[in-house]
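Report on the following structure.
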Amino acid sequence: MHVPKRIVILGSGFGGVYTALGLEQKRDGTPAMRVTLVSRNNYFLMTPLLFEAGSGVLEPRHAVNPLRPLFRNTRFIEAEVTGIDFGCKVVTVTPADSESYIIRYDHLVLALGGVTATDLIPGSDNALTFKTLADAIFLRNHVIQCFERADVERNPQRKAALLTIVIVGGGLVAVELAGELREFTSNLAKLYPRVNAHDVRLEMLEARPHIAPEFDDELRDYAARTLSRRGVRIRTETRVNRIEEGRVRLPEGEVIESETIVLATGVVPNPLVASLPLEKDKKGRALTDPTLRCRGRKDIWALGDCASIPDPDGKPYPPLAQHALREAHVLAENLIRTMRGHGLLPFVYENKGTLAALGHFKGIGKVKNFRIKGFLAWWVWRSYYLFQMPRWDRRLRVLIDWSVSLFFKNDIVQLDLFGAEHPRLRRQARGAQEECARGPDGRPRDESAEDGRAASAPRELVAHQEDGRGSAAVSPAPAEHVSH
Ligand SMILES: Cc1cc2nc3c(=O)[nH]c(=O)nc-3n(C[C@H](O)[C@H](O)[C@H](O)COP(=O)(O)OP(=O)(O)OC[C@H]3O[C@@H](n4cnc5c(N)ncnc54)[C@H](O)[C@@H]3O)c2cc1C
104 MHVPKRIVIL
114 GSGFGGVYTA
124 LGLEQKRDGT
134 PAMRVTLVSR
144 NNYFLMTPLL
154 FEAGSGVLEP
164 RHAVNPLRPL
174 FRNTRFIEAE
184 VTGIDFGCKV
194 VTVTPADSES
204 YIIRYDHLVL
214 ALGGVTATDL
224 IPGSDNALTF
234 KTLADAIFLR
244 NHVIQCFERA
254 DVERNPQRKA
264 ALLTIVIVGG
274 GLVAVELAGE
284 LREFTSNLAK
294 LYPRVNAHDV
304 RLEMLEARPH
314 IAPEFDDELR
324 DYAARTLSRR
334 GVRIRTETRV
344 NRIEEGRVRL
354 PEGEVIESET
364 IVLATGVVPN
374 PLVASLPLEK
384 DKKGRALTDP
394 TLRCRGRKDI
404 WALGDCASIP
414 DPDGKPYPPL
424 AQHALREAHV
434 LAENLIRTMR
444 GHGLLPFVYE
454 NKGTLAALGH
464 FKGIGKVKNF
474 RIKGFLAWWV
484 WRSYYLFQMP
494 RWDRRLRVLI
504 DWSVSLFFKN
514 DIVQLDLFGA
524 EHPRLRRQAR
534 GAQEECARGP
544 DGRPRDESAE
554 DGRAASAPRE
564 LVAHQEDGRG
574 SAAVSPAPAE
584 HVSH
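For the sequence shown, this note's numbering begins at 104 and goes up steadily by one.
Here it is as structure tokens:
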């Protein structure tokens with residue numbers, strides 16, 4: 104009897120999902136195999152749509168695709184991968200609120216992606232990241248919260264910090280994020296009577312001489328001009344010294360006070376992959392041969408952002424979705440070929456082009472040898488990613504969101520996912536209580552007093568109103584303090 108081969112795929116990003124889909128399509132006539140996909144999320148995230156999910160143009164759920172309806176013959180397990188043992192050929196997984204257990208494999212596919220690089224700048228933990236759906240939802244909530252606080256903040260320095268957004272980095276993610284955030288904050292400002300759109304400051308700090316290094320001079324100049332015209336201050340050759348809570352320290356002692364600091368400094372491989380006993384490149388990515396097999400291992404394969412895959416000149420392919428997706432097709436084919444005892448195919452791919460949206464109907468793109476910019480690039484960008492999204496039901500939802508956004512402004516409802524439990528929110532709430540509850544003289548502020556001075560009511564009366572019972576312990580304020 105033929106014992107089915109156990110193929111275990113780790114990660115449900117472009118690499119993992121398309122490997123599983125490829126195996127489903129190609130498995131006919133192949134000796135029996137059992138495919139298991141393990142990931143911490145039960146959905147596939149379309150990362151290029153994350154910017155719009157973060158600004159309310161797209162309903163966040165529409166930037167992702169549920170995994171289970173995608174597969175017929177693949178077993179999906181939602182769990183955190185917590186260990187891999189090459190010797191025993193087992194993966195340890197830990198489902199949420201459950202005990203760990205092991206899954207045995209004959210072939211293991213590493214598609215665990217990367218994480219935002221936090222070791223380049225000291226204090227990076229004080230910044231937000233923009234990599235996952237939770238990051239996008241959190242950032243959007245956070246920006247709206249800053250506007251809500253700015254609307255009632257009377258201290259000019261604190262108000263300026265609430266309305267300052269700093270993006271650290273100038274690559275593709277930073278550029279697209281700046282474009283989308285600019286649009287979002289301009290629309291937000293119109294809804295807050297005490298927030299002037301001119302007071303909203305958006306800074307992009309890039310250590311290299313250019314932003315958008317993925318493009319040539321003409322396109323990156325266009326991107327820089329477009330963003331600058333819309334009020335994004337771009338500083339190149341500016342190396343951030345340190346990030347602290349609420350501030351960014353630059354060389355020569357300059358400090359930017361900001362409540363919203365977003366790290367867009369590129370990705371490093373998943374720490375789990377970086378810790379495995381595999382041959383790795385300087386960045387910690389698993390080195391593979393051109394057939395996507397990890398060097399020196401017959402049963403371990405890797406692709407996507409956690410792998411270093413050589414192109415025909417020996418240089419690694421860039422960590423991009425368009426590559427991960429094509430690598431997945433070749434990897435699935437090679438797994439099938441291994442089981443059939445056939446020779447393996449090398450992965451060879453020529454970049455078809457790069458597109459970036461700059462928000463507000465503008466974009467840039469290089470498709471083959473053609474440069475496109477402005478509305479055309481934005482339209483090509485949208486059409487391309489719409490059709491990259493698996494399943495028509497998701498495409499339709501995205502299309503409807505886009506159509507609605509043509510006529511209505513961004514949705515500014517905060518999604519209260521974390522409640523008061525999120526540590527950052529808890530910290531904010533504490534700070535806000537301590538700092539904002541009282542005016543400069545230590546008394547409660549009077550909202551109706553335009554200059555934010557203390558309440559005109561005597562202190563004991565305010566105490567009565569606040570706790571609803573009255574308190575004999577609160578001493579009356581001196582007469583000169585209550586007559587503003
Ligand atoms: C905001 C943003 C925009 C982008 N835009 C573009 C673009 O326009 N064009 C383009 O080509 N590329 C783009 N990229 C890059 C692209 O998203 C990546 O190259 C691509 O996602 C890599 O695919 P992957 O499968 O290797 O990793 P990922 O897509 O990162 O998937 C990794 C998977 O592993 C799971 N995982 C990780 N660790 C564990 C664990 N311990 N246990 C269980 N599961 C785990 C994750 O949850 C995830 O499902 C963008 C990236 C970002 C962040």
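No residue lacks a Cβ here, since even glycine has one placed at the ideal position from N, Cα and C.
Only a predicted model underlies this, so the values are computations on that prediction, with no experimental measurement involved.
According to the DSSP secondary-structure assignment, R338 is paired through a beta bridge with L308.
Secondary structure in the region 386-429: the beta strand (DSSP E) runs of 3 residues or longer, each lying completely within the stretch, are 403-405 in chain order.
The alpha carbon of N454 has as its nearest neighbour, out of L284, E430, G462, the alpha carbon of E430. Checking the 6 Å criterion, the Cβ of L423 is within range of a heavy atom belonging to ligand 1. By the 16-neighbour rule on beta-carbons within 10 angstroms, Y204 is exposed. Among the bridge pairs identified by DSSP, T139 is matched with V111, R178. Not a single heavy atom of ligand 1 lies less than 6 Å from the C-beta of D496. Of all alpha-carbon atoms in I364, E357, L322, N290, the one lying nearest the alpha-carbon of I268 is that of I364. With 16 or more other Cβ atoms from the protein chains shown falling within 10 Å of its own Cβ, S411 counts as buried. Annotated as distal: I247 and I439, with beta-carbon spacing of 7 Å or more. Boundaries around A459 are those of the beta strand (DSSP E), 456-462, since no alpha helix (DSSP H) includes it. With contacts defined by Cβ atoms closer than 7 Å, T219 and L366 form a contacting pair. The continuous beta strand (DSSP E) containing R352 extends over residues 350-352. Considering only T122, V106, E362, the residue with the shortest C-alpha distance to E251 is E362.
Here A427 is near G118, since their CB atoms are less than 7 Å apart. Cβ-Cβ distances below 6 Å link G387 to P372, A377 in the same chain, with the five nearest sequence neighbours on each side left out; the list follows chain order. Rounded to whole angstroms, the separation of the alpha carbons of G444 and Y488 is 37 Å. Distance from the C-beta of G399 to the nearest heavy atom of ligand 1 is not below 6 Å. L275 is positioned such that its CB atom lies closer than 7 Å to that of E317. With fewer than 16 neighbouring CB atoms inside 10 Å of its own CB, T185 falls in the exposed class. In the three-state reduction of the DSSP assignment, I247 falls in the helix class, which pools H, G and I. For V483, there is no enclosing beta strand (DSSP E); the enclosing alpha helix (DSSP H) has its first and last residue at 478-491. Of the candidates Y146, P107, A253, A253 places its Cα closest to the Cα of R304.
Taking 7 Å as the cut-off, the Cβ atoms of R109 and D228 do not count as close. With contacts defined by Cβ atoms closer than 7 Å, A459 and I346 do not form a contacting pair. Residue environment: N299 is assigned as exposed (fewer than 16 neighbouring CB atoms within 10 Å of its CB, all protein chains considered). I503 counts as exposed, since fewer than 16 other C-beta atoms from the protein chains shown sit within 10 angstroms of its C-beta.
Taking C-beta separations shorter than 6 Å and ignoring five residues to either side along the sequence, the partners of R396 in its chain run W404, following chain order. Taking the Cα of A310 as reference, the smallest distance to any Cα among E340, R333, R285, F287 is reached at E340. Between R333 and E306, the beta carbon gap of about 13 Å keeps them out of contact (Cβ cut-off 8 Å).
Among the bridge pairs identified by DSSP, V370 is matched with T219.
Using a Cβ distance threshold of 7 Å, V278 and V343 do not count as a contacting pair. The residue from L291, I112, A263 with its alpha-carbon nearest to that of L211 is I112.
Look at P169 here: in three-state DSSP terms it is strand. Ranked by Cα distance from V335, the first of E283, V351, P312 is E283.
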